[in-house]
Amino acid sequence: MTIQRMDNVGIIVDDLDAAVAFFTELGMELEGRMPIEGSWAGNVVGLDDMRSEIAMMRIPDAPGRLELAKYHTPKAIIPKPEITPPNTLGLHRVMFAVDDIEDTLARLRPHGAELVGEVTRYEDSYLLCYLRGPSGIILALAEQLS
């Protein structure tokens, strides 16, 4: 048996509307939004009395989706420190290839995006950066130069 595909990457957020707006500005499209609750959902994730809402974001005309989730019950756990450094164990980051890294940053800043380091050139191949998005998640952007 082999893997058929990667369906999505799940990201837990504290403000679903803000996260949807952020990823829409990045260039993704809202595929759908719905509540997720009931014993079947709690059994899948191992949480009692689970009630959440998800928004599925997709990349237009390309594979790749993000499932943004807001937990209403039980409340999401906020790690200490709240903003973890890039070398924290666990999911590290999600990287997106973009046409223009500076334009993308300019569009995302009004939605709370902040650079983690700086925009850096890798040889003559890429401009790269890490940024913080909604709920402190780390995204990486890559602009191919050649």
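In terms of full-length UniProt numbering, the sequence shown opens at residue 1 and continues consecutively. Note that CB positions come from ideal geometry on N, CA and C, so glycine has one too.
Can residue i and residue j be called in contact, C-beta distance under 8 Å?
i	j	result
Ile-83	Gly-133	no
Met-56	Gly-32	yes
Leu-89	Ile-11	no
Asp-14	Lys-80	no
Glu-53	Leu-108	no
Ile-138	Val-119	no
Pro-85	Leu-47	no
Met-50	Ala-41	yes
I'd like the list of long-range same chain contacts for residue i, defined as Cβ closer than 7 Å, with 5 residues on each side in sequence excluded.
i	result
Arg-121	Leu-127
Ile-59	Met-28
Asp-100	Glu-143
Pro-91	Correcting the residue type first, residue 91 is Leu in the shown sequence and not Pro. Correct list: empty, nothing qualifies.
Got a sec, what are the start and stop residues for the beta strand (DSSP E) residue i sits in?
i	result
Glu-118	That residue, Glu-118, is in no beta strand (DSSP E); it is neither H nor E in DSSP.
Ile-138	138-144
Kindly list the residues whose CB is nearer than 8 Å to the CB of residue i, restricted to its own chain and excluding five residues on each side of it in sequence; keep chain order.
i	result
Gln-144	Ala-97, Ser-125, Tyr-126
Leu-105	Ala-113, Leu-115, Val-119, Cys-129, Leu-131, Leu-141
Excluding the 5 residues flanking residue i on each side, which residues of the same chain have their C-beta closer than 6 Å to its C-beta?
i	result
Ala-18	Pro-134
Ala-140	Arg-93, Met-95, Tyr-130
Phe-23	Met-57
- Query: Which runs of the beta strand (DSSP E) fall wholly inside the UniProt domain "VOC" (5-144) and span at least 3 residues, in chain order?
  - Reply: Fully enclosed beta strand (DSSP E) runs of 3 or longer: 9-12, 29-37, 51-58, 65-73, 94-97, 120-122, 126-132, 138-144.
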